[in-house]
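Here this note's numbering is used: the first residue of the sequence shown is 16, the next is one more, and so on.
Below: one structure, written as C-alpha cells.
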Amino acid sequence: KVFQAPPVFQGEERNTAFEVPDAIKKMIETLRLPYRKVGLVLQWGYFKCVGKFFAQEQFHKKDIAFVSKLLSIDLATVEFKNYKGHSLLNDQRQILEMTGFQYFDNHAQASLWLSAEVKRLIEKQVRPKMIVTHLSAFFFQKKIEAPSYQKMSEVILESLSEVEAERLELLKNNITPQQMQLLDGLVPKISGKKTTLKESDYARAPLIALREFPLSARPGKIKKSIAAFLVIKTYFESTYTAIKPLNLSPN
Numbered sequence: 016k017v018f019q020a021p022p023v024f025q026g027e028e029r030n031t032a033f034e035v036p037d038a039i040k041k042m043i044e045t046l047r048l049p050y051r052k053v054g055l056v057l058q059w060g061y062f063k064c065v066g067k068f069f070a071q072e073q074f075h076k077k078d079i080a081f082v083s084k085l086l087s088i089d090l091a092t093v094e095f096k097n098y099k100g101h102s103l104l105n106d107q108r109q110i111l112e113m114t115g116f117q118y119f120d121n122h123a124q125a126s127l128w129l130s131a132e133v134k135r136l137i138e139k140q141v142r143p144k145m146i147v148t149h150l151s152a153f154f155f156q157k158k159i160e161a162p163s164y165q166k167m168s169e170v171i172l173e174s175l176s177e178v179e180a181e182r183l184e185l186l187k188n189n190i191t192p193q194q195m196q197l198l199d200g201l202v203p204k205i206s207g208k209k210t211t212l213k214e215s216d217y218a219r220a221p222l223i224a225l226r227e228f229p230l231s232a233r234p235g236k237i238k239k240s241i242a243a244f245l246v247i248k249t250y251f252e253s254t255y256t257a258i259k260p261l262n263l264s265p266n
C-alpha cells in the first residue's frame with residue numbers, strides 16, 4: 016500500500032519536494048486552469064522523489080493545499096475531476112523529457128532487467144517487501160519510471176516459483192538416502208491406522224523443540240540452549256553436502 020501511494024512528506028520535506036525549478040515554471044506559464052498548474056507541480060514533486068506517477072485521486076490533501084498556496088492559487092478553485100487522460104499524460108511526458116527518464120513500458124530492456132534483478136534478489140533470499148523497495152531505487156538510478164506494483168508482484172511470484180523449483184531439483188540430485196532419513200526424523204509421520212496428523216503430533220515433533228532457544232541466563236536454560244545448538248550443529252554438518260549447492264544466504 017505504501018508503494019502504491021504518493022510519498023508522505025513532513026515539514027521541510029514538503030518544501031524540498033515541491034520546489035519549482037525554472038523549467039517547471041515555464042510549463043506552468045503555458046497552463047490556464049488552476050488544477051493543471053497544481054497538478055503539474057504535484058506530479059513533479061512525487062516523481063522527483065520516487066520516480067513514479069500517481070493518479071489525481073491519490074494526491075494528498077495537505078500537498079494540494081501546500082502547492083496551491085505556493086502558486087498563489089485559491090484552493091477552492093482547484094478541482095481535479097478533469098485531470099486525467101490527455102492532460103495527465105501530457106504533464107507526465109513533459110516531466111519525463113525534462114528529467115531524461117523513460118516510461119517503463121517504452122524501454123526495450125526494462126522488463127528483462129526487472130526479471131533478472133528480481134531473480135537475483137530472490138536467490139539471495141531477500142524479502143519481497145525489500146525487493147520492491149530495491150527495485151524502485153534500481154530503476155530510478157537507470158532513469159526509468161518505476162514499474163507498477165502489480166507488475167513487480169507478478170514477476171516476484173513467478174521468480175519465487177522458479178527459484179523454488181530449481182532448488183528442489185538441486186536438492187533432489189544431491190541429497191543422500193541417509194540424509195533424507197535423518198531429516199525425516201524431525202517431523203511426525205503417519206503410522207499404523209492413522210490417516211492424518213493432529214496438532215498434538217506436530218507439537219511433539221523434534222523440529223518444534225529446536226525452533227526456539229530459551230533466552231535466559233539461568234544455568235538450566237543455558238544448558239538446554241547448548242544442547243539444542245549441538246543437535247542443530249549435528250544436523251547441519253550431516254546434511255551440508257546437500258545444502259551447499261543451494262547457495263543459500265547465511266542469513
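Quick reminder that beta carbons are idealized off the backbone N, C-alpha and C, glycines included.
Keep in mind the model is a prediction, meaning the values are calculated, not measured.
Using a Cβ-Cβ cutoff of less than 8 Å, which residues in the same chain neighbour residue i once the five nearest sequence positions on both sides are dropped?
i, result
"I146", "V133, L136, I137, M167, I171"
"L222", "L201, V202"
Taking the alpha helix (DSSP H) that residue i belongs to, which residues open and close that run?
i, result
"I190", "Looking at the DSSP string, I190 is not in any alpha helix (DSSP H), and its letter there is neither H nor E."
"I88", "Neither: I88 is in no alpha helix (DSSP H) and is coded neither H nor E."
"T148", "143-156"
"F351", "In the structure displayed, the chain extends from 16 to 266; residue 351 sits before or after that span and is not available."
"K96", "Per DSSP, K96 belongs to no alpha helix (DSSP H) and is neither H nor E."
"I43", "37-44"
"V202", "Neither: V202 is in no alpha helix (DSSP H) and is coded neither H nor E."
"E138", "125-138"
"A32", "27-32"
Quick one: is residue i buried, meaning 16 or more other Cβ sit within 10 Å of its Cβ, or exposed?
i, result
"T191", "exposed"
"T249", "exposed"
"A125", "buried"
"K52", "buried"
"Q193", "exposed"
"G26", "exposed"
For residue i, does the three-state DSSP call read helix, strand or coil?
i, result
"Q117", "strand"
"I237", "helix"
Check whether the Cβ of residue i sits closer than 7 Å to any heavy atom of the ligand NAD, and report yes or no.
i, result
"N262", "Of ligands this structure carries none, so the ligand NAD is not represented either."
Once the 5 residues before and after residue i are set aside, which same chain residues still bring their CB inside 7 Å of it?
i, result
"Q109", "M42"
"V82", "F33, V53, V56, L57"
Please work out which residues of its chain come closer than 6 Å, Cβ to Cβ, to residue i, disregarding the five sequence neighbours upstream and downstream, and give them in chain order.
i, result
"F154", "A161"
"Y98", "Y50, G54, Q71"
"F18", "V147, Y164"
- Message: Tell me whether the stretch 69-87 and the stretch 109-127 touch, counting them as touching only if at least three CB pairs, one residue from each stretch, are closer than 8 Å.
- Response: Because the criterion of three Cβ pairs below 8 Å is not met, the stretch 69-87 and the stretch 109-127 do not touch.
- Within the chosen definition, does the stretch 45-54 reach the stretch 22-37 through at least 3 CB pairs nearer than 8 Å? No, they do not touch.
- Counting pairs of Cβ atoms below 8 Å between the stretch 179-186 and the stretch 28-40, do you hit three or more? The stretch 179-186, when compared against the stretch 28-40, does not touch it at the 8 Å Cβ threshold.
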